Structure formats: structure tokens, C-alpha cells
Amino acid sequence: MKKKMKLQTKLTILIIAVVFISISIITFFVASWINTNIESTAKTNVMNVGEIIANSRQVIDALNKKDFNKEISPYVDTQLKKLSEIEYIIVVDNDGIRYSHPNPHKIGKKFVGGDEGRVVKKGDTYISEATGTLGKSLRAFIPIYDTESKKEIGFVCVGTLLQSIGETKQIAILYIILTSLGALTVGVIGAFILSKNIKNILLGLEPEEITRLYNEKMGILDAIYEGLVAIDNKGKITIINDSALNILHYGNKVEKNEIIGKNVEDFFPNTRLLTVLETGEGEFEKEQRINNTVIMTNRIPIKDRDKIVGAIATFRDKTELTKLAEELTGVKKMAWSLRAQNHEFMNKLHTITGLIQLEDYEEAIQFISDVAKSRNKISSTLTKNIKDSYLSAILFSKYNKAEENRVKFKIDENSIFNNLPQFMTSEDIVSIIGNLIENSLDAVSNDGEGQIYIKIEQQNEYLKIKVKDNGPGIKEEHIDKIYEQGFTTKDGDRGHGMSIVKEIVDDANGTIELKVDKGVIWNITIPMLRSE
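Under the numbering used here, the first residue of the sequence shown is numbered 12, with each subsequent residue one higher.
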């Protein structure tokens, strides 16, 4: 099997190739430009020098005098010493006789080259390439005119050897090549460093491994039964799984791609993820209502070292959790209920046995009749008036517990419950009534004098719940604290019931009224209909 090339190797080769091609292209164009520029500069230089010599008053006068005092050659030699890029300056009269030359032996002899015809015959100014006594060179021809007669009296030939120009070009190209090699070396080193850095950022993983891990991660997230939502430090959603969409009833409304990258508050208005993002503190096992769904959620910040870079929440539908809890605790509840009923039944049998032994048969019959009526009455009320099985079960369970504790438990005969308020669940109602009755059972005495009264009245617009007991009441200094999580006047891990009741009622836009009058009276009002 052919071994695949590693990412670091691919990156290194790619970067080196890009750098090499880029430098090669730049070198080619720069070398071409420099070659052209050197040649153009050489032509400009020889032409400028020729113009200066041709317009020199000393040269013109000496040429008119036929240079008997040899004034031109010393003047030209002086000028040549100042010009490093000019190889020679030759002054010639109309007869083609040289008046200056780098080789003094050539002075007074005929000009050589064959390219002087235009300047002699036509008086043109031009540049040409020709081979003279010094070799092949680039030469500028400029006519010399007498300032008075305006006639051409000779010309100037200023030249630089093509070999010198070629050497200049070679030196320039050498510098370019050396510079390019240096840049290429830096690029190669940079390629190794950059590819290694990218590899480290990717934790040493290859692209195929990253793709596999991503697909596995998305598969795991979608397979998780719990909902999951993650945001970045700007509150934008980065991850959301299918379970989250289904739990929050978005499953058939939007696609995940439509949510990713959007602000979390646009989809979950009352989310506390932004609060977790600000405080950096996690929140665990918190109850929350989103899109009319009650969820149990955990929220924690995502940190990179000490910096908060995001937050993540996992949650489950509280209804599902409640069902699971009921399944897990069903046997225990059944055993407790049977134990309570058995205990109560034995007490009744002992009473009947005592009356029979005392031969008080009429009292025994009356006691049996009263017990039967009481049982029939509570059963009839729950069966006929309370249509929710969860609520009936909790009321009957609390009735049995009250009987066992020798507490008189009365359910108003006019109580009626047919439908749940909008967006509320049976578990919500059970939590409210169960916690209120449990508090009353803890408060009243167990000597036969304790009394608990409950009335559930469902109207067209409101559901009203009233729970009353004849316990010692609530101290005034405790009234403002009873809804606080964890506050209790009893021993043990208590103090959660009333905070749960308060949260459910507030979430349903309801009200709680507390009155202390020879005990405690709770009046709870919940609207049957409410907006989302």
C-alpha cells in the first residue's frame, strides 16, 4: 500500500515551491529590467558626455586652429579622468583626422570604425555599435559646429566598450542571484518553521485524522440523548445537537446549519449561558423553562488556560426525568403505601377487636360504618372530581399518611380539577400540592388534634388551590425567608419545597398568598391561559 505524504511534508514542499517560483519570476524580470537599464544608462551617458565635449568652446577654438598647440588631447584626458564609465573620447575634424585618442600614437591618424558617415555627411547625432582600434564598443557621434559660421568643423565620438557593459550586467545579475538565493534560503527555513507550527496547532494530526475525529464528534453529539448547546465568547452558537432541537421543539422548524453562528438569545431568549460567560461560574442541576418545556440543565464555562472562550450547556426534559424517577422509585412508593395502609388497617382492627371484647357491639358496628363512609367519601371525591391520576394519587397517599399520623385530613367536597393550566404539567401541580401538604403534616400535632384542609377549585380563568392547617404558624421573622433555597427551621437537608413551589407558580404567572391565623393558610391562584 502506498504511504501517504504527511501534512508537514506537503506544507513544506508547497511553501518552498511557491517561494522558489515567486523568486524565479521576480529574478527574471528584475534581471531583464537591469540589463535594459544598464544599456540605456550607458547610451545616455555617452551621449551626454559627447554633447558636453562638442559644445566646449576650447574644443571648437582648437579645432578651428587645427590644434597646433595640441590643446584638445590634454583637455579630453582631463575629462576622461572624471568619467569612470567612459572608455574614450575622440575628437575628429571633417577630414577624419583624430585630435584626441586614449593611445597618443593614434592622434593625427584617420578615424577607424566605418560608422561615422552619418555625422560627417548629414551632421546627425546618433549612437551605434562598431569595432574600432580599442575593440567593439557602444559609440555616440555628435557633430561640432563653429559658433560663428555655424558650419560643421568636425565631430566627437564618445564610446564605452561593450565588454565593460557586459561585465557590469554580469555583476548586477550576480548580485540579484545571490540576493534571490538568500531569499530562497530564508523561505525554505520559514517553510519548515511554519509547517511545524501548523502541525503543532493541529496537535500533530493529519487531515484524514481531523476529518475522522470531526465526523466521530458530530456522530457522538447527535447520538447523545441529552441536549447540548455551546457558544463562543461572543454569544454565538458553535455547536448544537439533534437532541437539543427535539427537546426544545425546534426539530421540524429549523436546521442546525441555520442556528450555527447565530446569537444564542435569538433562539433561547431566557438562556443563562451569557451569564455563565460573564461570571465564569458553572450552574448545575438547575430547572429552567424554554419554549414552554421544563428542562434540567447544567451550564459550565469553557476556558483556555485562565481565559473564558465560551460556555456549554447540557440539559434533559424534566418530564422524562420525572418518568424515569417514577419508574425507579415506583416499587419503593408502593411498599410505603402498603405499609401505611397495613398499619392503618391494623389500628382499625385493634379498635374493633377491643370494642367486641368489651361486648360494645353497637359501637363496633358504628365504628366500622364510620370508617367505611370516610373511605368511600375520600374515594368518591377523588374519583369523581379529580380527573388527573397523578393528583388523585398524591392526595390519596397524603390522606393515608395523615391517617397514620393521627391527623385529620379533609378534602373539600366541592373540589374539582378537570384540565391543567396552559403549559403546566401534572408534575408541576403535584409538586405544589405535595409540598404544601407535607409542610402542614410536619407542622400539625400528631395527637389527634391536627387538622389539614385542602380545596382545589378550577374556574374558567383560574385554578385556585387552598391549603390550611391548625399548626403553630410561621414566625414573622421567617416569612420573608421561606421561599429561599435551603431555608428551613427543621433539622436535616431540608428547605427546598417552598422554593420549588414559588418557582413553579411564578413561571406560570400565578400568585401565592400566605396568611397566618391559628395556623397557616396558603392561597395559590394560577391563570388557565397565558401567552408564551
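We put the beta carbon where it would ideally sit given N, CA and C, even for glycine.
This structure is a prediction, so every number in the text was calculated from the model and none was measured.
About 7 angstroms separates the beta carbons of ILE465 and ASP423, which is inside the 8 angstroms limit, making them a contact pair. With a 10 Å radius around the Cβ and a threshold of 16 neighbouring Cβ atoms, ARG109 comes out buried.
Look at TYR186 here: in three-state DSSP terms it is helix. Taking a C-beta distance under 8 angstroms as the contact criterion, ILE306 and PHE326 qualify as a contact pair.
Looking only at ALA53, GLU495 and ILE485, the smallest Cα-Cα distance to VAL169 is reached by ALA53. In terms of Cα proximity to ASN309, the closest of GLU298, VAL29 and ILE118 is GLU298. Assigned with DSSP and collapsed to three states, GLU276 falls in helix. For MET307, the secondary structure class from DSSP, reduced to helix, strand or coil, is strand. Of ASN274, ASP399 and THR55, the smallest CA-CA separation from VAL240 is found for ASN274. In this structure, GLU50 keeps its C-beta atom at 8 angstroms or more from the C-beta atom of SER175. Under the three-state reduction of DSSP output, LYS117 falls in the helix class.
The beta carbon of PRO432 is closer than 7 angstroms to those of LEU474, ALA519, ILE537, PRO538 and MET539 in its chain, skipping five residues each way along the sequence. A straight line joining the alpha-carbon of GLU488 with that of SER437 spans about 33 angstroms.
Annotation for ASP480: the continuous beta strand (DSSP E) segment containing it runs 473-480. Taken through DSSP and simplified to helix, strand or coil, ASN430 comes out as coil. Of the candidates GLY293, GLY246, THR286 and ARG283, the residue whose Cα lies closest to the Cα of ILE270 is GLY246. Setting aside the 5 residues that flank it on each side, MET509 is surrounded in the same chain by ILE493 and TYR494, each with a C-beta closer than 6 angstroms to its C-beta; the list follows chain order. If you draw a straight line from the Cα of ILE535 to the Cα of LYS526, it comes to about 11 angstroms. When the beta-carbon positions are compared, ALA183 and ILE45 come within less than 8 angstroms of each other. In the three-state DSSP reduction, ILE485 falls in the coil class, being neither helix nor strand. Per DSSP, LEU259 lies in no alpha helix (DSSP H) segment and is marked neither H nor E.
In the pairwise beta carbon analysis, the segment 15-34 is classified as not touching the segment 67-76: fewer than three pairs are separated by under 8 angstroms. About 7 angstroms separates the Cβ atoms of ILE397 and SER426, confirming a contact at the 8 angstroms cut-off.
Taking 8 angstroms as the cut-off, the beta carbon of MET16 is found no closer than this to the beta carbon of ALA151. When the beta-carbon positions are compared, LEU452 and LYS421 stay at least 8 angstroms from each other. Burial of THR282 is indicated by the presence of at least 16 other C-beta atoms within 10 angstroms of its C-beta. Annotated as distal: ASP491 and ALA454, with beta-carbon spacing of 8 angstroms or more. The C-alpha of LEU213 is placed about 55 angstroms away from the C-alpha of GLY445. Distance from the CA atom of ILE463 to the CA atom of ASP317, rounded to whole angstroms, is 55 angstroms.
In this structure, ILE100 and VAL167 form a Cβ contact; the two beta carbons are roughly 7 angstroms apart against a cut-off of 8 angstroms. Rounded to the nearest angstrom, the gap between the Cα atoms of LYS314 and ILE242 is 12 angstroms. In the structure shown, SER408 falls within a helical segment according to DSSP collapsed to helix, strand and coil. Within the DSSP secondary-structure output, LEU149 pairs in a beta bridge with GLU140 and THR171. For THR304, same chain residues with a beta-carbon under 7 angstroms away, outside a window of 5 residues either side, are ILE258, LEU259, HIS260 and ASP328 in chain order. When PHE428, LYS419 and ILE367 are compared, the shortest CA-CA separation from THR394 is found for PHE428. In the structure shown, LEU216 adopts coil according to DSSP, grouped into three states.
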